[in-house]
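Single-structure report; data block below.
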Amino acid sequence: MEGAYAMLKLGLGKYRSIVVLITLFLVFDVGVLGMTFVISRQLTADAISINLAGQHRYLVQKLAKTALLIDQDATQGTFDSSGRSSLNEVKDLIATADRFNAIINTFDGGAKLPDMTEELALTPSQDEQAAAMFALVKDLWAPINSEVQSLNQPKDGHRPDVGPLLQVLIPSNLNLLASSHLLTSRLEALSAAKAARLRGGQMAGMAAALINFAFILYSFLGQLRKSDQAVERAQRETEDILRTTQEGLFLLDPDFRMGSQTSHALSRIIGVEAKGGENFLDLLKPLVTPKTYDTTKEYIELLLRHDVKEKLVASLNPLDCIEISAVRPSGAVESRFLQIRFNRVLQGNKVTHLLVTVNDITRRVKLERELKDSERRVQDQMGMMVNILQADPRQLQDFLRAASDGLNQINEDLRTASPTTGVSTPRVDAMMRIAHRLKGDAAALQLEAVSQSLHAFENVLQELRVLTRRSSEDLLPVAVRVKGLYAEIAAIQDVIARIGQVRGVVSVEPPKPPHDPEVAALAFVRQWRSFAQQLAQRHEKAVELSYQGIDVEQLSPQLRDAVNTAVNQFIRNAVVHGVEKPADRKMRGKSEAGRLSVYVSDQGDGTIELSFRDDGRGINPEKIRAAAIRSGRLSPEAAKAFDARQLTLMIFEPGLSTREHVDEDAGRGVGLDAVKDLITRLGGRIRIGTTSGEYCHFRVQLPVKVEPRDDHIDAPIKEVA
Amino acid sequence: MALKLMIVDDSNIIRSKITRTLTQHDMQVVATASNGEDAVKLFGAHKPDVVTMDLTMPRMDGLECIRALRKIDPSISILVVSALADKATAIQALKEGAQGFLCKPFSETDLTEAMEELLGEDAHG
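What follows is the structure, encoded as structure tokens:
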């Protein structure tokens, strides 16, 4: 009962005013109808009254006429001796008087005429004037009636004597007629007034009902417009949300049908057109394995049951991470990872729908995998240990120090990056130079895993470099890589520390310092030769490296590091770009193996000179011109204006490579610029001599005493003994 | 009053881990079983309020055991505690009448939270 009342109250709600107005409209209509009924009954009564009053006039005349006829018969002797015809006329007289009496009785209230179908309150009693006129008629009538009634018992053979009747009738006949006439006229006037009142009342009632109806219409249309606006606004908001959200969103009903509205991102994320109203399982079928399909169906059915705990079954969602092949707008097919999640939509205690959220989690999955890969690589210490044992300890220490410094610098750049603009292009270039130099060193030390990690790191930096805006999210992959590299470097240090412990236990004598410069340089030379051979092999070339000069080992760590880095980069540059393939060299009349000559000498003026010469194809200014245009560094016009010397010097510019594709060894245009950067920082200078088709010769001069120019060179500078 | 708990798992380590964790949270372990058959026998004798249920066990597996227990007491609360090797089997267990699923391996907090969720007033969590 209470519920029904509440529902009624709830149901009325916003329609209350309309319901009130409609009720009023009905009340008005019923009022008008009721009034019409009452007045029309009165009008009927009036019509009867007028008719009866009219009859009075007629009856008075008829009575007078009949009485006179009887009297005339008597005086002229035309009276039938039997008296029969006079008898009939007397009967007629009496009948007329009876009719008159009946009308009087009816007007008085009480009696009902035989020809009246219903009892009606007749008018004379309701109006003073009419009542007075009626009373006058009755007064005039009473003596006449009395005389008529005395004729009621005639005897056969006797003439009826109408003398007394005529005595009464003649003087009052005209008065009676006039009074009856006045009564009739009065009744007619009353009736006309009532009819006018009825019309007025009807008009007013109808007008009120019409005004009311207009209100209803206005109020109803107003509410309709208001609710339409609210619905439209809600629809627009939903539409805005669905258009803007980056997630795939839709509702799913218990029959697996998708709701009529889906977010615009949905089709893009899943790579196929998803329409509202479609069966979700049909959409899913081509994307997943039959087993995942079946499990999904069961999982959804489970969620629709209200007794299972939503949170406690979330881990069973078979679509939490699925891999699909999706077609990009360009038409290319790519592998994508999607996360499809389901949340219950409740109405009361009943699960009516599931809200489905679809996200592209490819980036996250890939980062997670990369992190796992890097962890796996870190754990792969056995393989690394073998390489570490083979490497020269001093070079290894130099590399680890340089790597640690370099990573610290990159980390600092990332840490101080602006949250909105990220890092600047020159900073990214500097990071790339660090990564490239470290990669070269790692490759030279045959630390394959580290070299590969650094190569991947370079890829990430390259991707970052091409971005016009770099948000902190874009820096995330860089940070992940740096973290991985730190871990790898730490792992190497850990291995070295363990080896040190083992050495301590077995007491291996440290190697004696060598004296012969040729022998002393051997560790370096051996590494350079090995690196050159390795590179040459990879590029199907042959090279021989010769060394002459001072003991590189005896140089200060900074100089030793600089010389080593420069030579490694020159080797890479010569083997990849300079030295021709053996068949090619043979055709040009050169030995099949390219010659790389390294010479380090003390100039005696506080500087040392590193000379590196290869007998490859030298530097071709035209190739540099083309590369400069291709990379967008120079416009075709500007490039045309450059002479051979200017073009040759461009090989030290960052980001310029004459190679058309990137691999582990070259092609990013990072390398010689890193060498230039290093030498400039140490206060040295670099010269280049080349003849196209014949040779390329780098000569680097470095001061022995170096004033640190960059705050990350903090080790003391030692003089060469 | 402490809730009465029955642990059904063939691993001794898991049984003692659940016991250790949940006895600290006002639950009383009234029975433990290492297979479904024993569980059904013990269930009638101890009438626990809650059951934790492994799925892969010798002599009547978890699915069958859930079916049997639900026949005895349709209102019993069951938390499936199992490795996530086969999601389909776990979903099947929930369809048979278990209300929640906890994936092995789990931490003590995972177990306590799952139990609170399972016993919470609101069926929709």
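Residue numbers (this note's numbering), protein chains in the order written: chain S, 208 to 928; chain L, 12 to 136.
The beta carbon of each residue, even a glycine, is placed where N, CA and C say it ideally should be.
It should be emphasised that the depicted structure is a prediction, and the values quoted were computed from it without experimental measurement.
C-beta neighbour in chain S for residue i, strict 8 Å
i                     : result
residue 106 (chain L) : yes
residue 115 (chain L) : no
residue 2 (chain L)   : The structure shown does not extend to residue 2 (chain L), since chain L is modelled only from 12 through 136, so no value can be given for it.
residue 102 (chain L) : yes
residue 94 (chain L)  : no
residue 110 (chain L) : yes
residue 98 (chain L)  : yes
residue 56 (chain L)  : no
residue 44 (chain L)  : no
residue 73 (chain L)  : no
residue 125 (chain L) : yes
Supposed close pair residue i, residue j - CB separation, criterion 8 Å
i                     : j                     : result
residue 757 (chain S) : residue 607 (chain S) : About 25 Å separates the two Cβ atoms, so there is no contact after all.
residue 412 (chain S) : residue 235 (chain S) : 6 Å
residue 90 (chain L)  : residue 109 (chain L) : 7 Å
residue 48 (chain L)  : residue 64 (chain L)  : With a Cβ gap of about 13 Å, residue 48 (chain L) and residue 64 (chain L) do not count as contacting.
residue 813 (chain S) : residue 899 (chain S) : Contact doesn't hold; Cβ gap of about 35 Å is too wide.
residue 581 (chain S) : residue 694 (chain S) : 7 Å
residue 879 (chain S) : residue 776 (chain S) : 6 Å
residue 745 (chain S) : residue 647 (chain S) : At roughly 14 Å, the Cβ-Cβ gap does not stay under 8 Å, so residue 745 (chain S) and residue 647 (chain S) are not in contact.
residue 337 (chain S) : residue 397 (chain S) : 7 Å
residue 859 (chain S) : residue 883 (chain S) : 4 Å
From the options, residue whose alpha carbon lies closest to that of residue i
i                     : options                    : result
residue 979 (chain S) : S:662, S:654, S:474, S:733 : Since the first residue of chain S shown is 208 and the last is 928, residue 979 (chain S) is not available in this structure.
residue 127 (chain L) : L:19, L:20, L:32, L:66     : L:32
residue 706 (chain S) : S:879, S:595, S:895        : S:595
residue 852 (chain S) : S:511, S:484, S:346, S:896 : S:896
residue 294 (chain S) : S:858, S:273, S:307        : S:273
residue 681 (chain S) : S:772, S:491, S:571, S:845 : S:571
residue 820 (chain S) : S:774, S:860, S:808, S:789 : S:774
residue 124 (chain L) : L:36, L:25, L:77           : L:36
residue 15 (chain L)  : L:59, L:85, L:78, L:117    : L:59
residue 76 (chain L)  : L:104, L:115, L:41         : L:104
residue 476 (chain S) : S:422, S:439, S:532, S:583 : S:532
residue 424 (chain S) : S:510, S:232, S:253        : S:232
residue 832 (chain S) : S:822, S:854, S:701        : S:854
Paired residues, beta bridge with residue i - DSSP
i                     : result
residue 101 (chain L) : DSSP output for residue 101 (chain L) lists no bridge partner at all.
residue 115 (chain L) : L:94
residue 893 (chain S) : S:907
residue 882 (chain S) : None, per the DSSP bridge assignment.
residue 486 (chain S) : S:464
residue 353 (chain S) : Answer is none; residue 353 (chain S) lacks a bridge partner.
residue 751 (chain S) : S:802
residue 820 (chain S) : S:804, S:904
residue 564 (chain S) : S:456, S:548
residue 62 (chain L)  : L:17, L:89
residue 38 (chain L)  : L:14
residue 436 (chain S) : Answer is none; residue 436 (chain S) lacks a bridge partner.
residue 815 (chain S) : S:809, S:909
Proximal chain A residues relative to residue i, where beta-carbon distance stays under 7 Å
i                     : result
residue 690 (chain S) : The displayed structure is made up of protein chains S and L, and chain A is not among them.
Residue-chain proximity (residue i, chain L), Cβ-Cβ < 8 Å
i                     : result
residue 519 (chain S) : yes
residue 523 (chain S) : yes
residue 496 (chain S) : no
residue 459 (chain S) : no
residue 482 (chain S) : no
residue 515 (chain S) : yes
residue 766 (chain S) : no
residue 425 (chain S) : no
residue 577 (chain S) : no
residue 929 (chain S) : In this structure chain S extends from 208 to 928, so residue 929 (chain S) is not present and cannot be described.
residue 530 (chain S) : no
residue 612 (chain S) : no
residue 509 (chain S) : yes
residue 505 (chain S) : yes
residue 623 (chain S) : no
Original post:
At which residue ranges does the region 522-552 of chain S contain complete beta strand (DSSP E) runs of 3 or more residues, listed in the order of the chain?
Top reply: 529-534
Original post:
What residue ranges within the region 825-858 of chain S form continuous alpha helix (DSSP H) runs of no fewer than 4 residues, ordered along the chain?
Top reply: Fully enclosed alpha helix (DSSP H) runs of 4 or longer: 828-837, 843-848, 851-856.
Subject >> Every unbroken alpha helix (DSSP H) within the region 594-633 of chain S, with a cutoff of 4 residues, ordered by chain >> reply: For the region 594-633 of chain S, the full-length alpha helix (DSSP H) segments reaching 4 residues or more read 600-622 along the chain.
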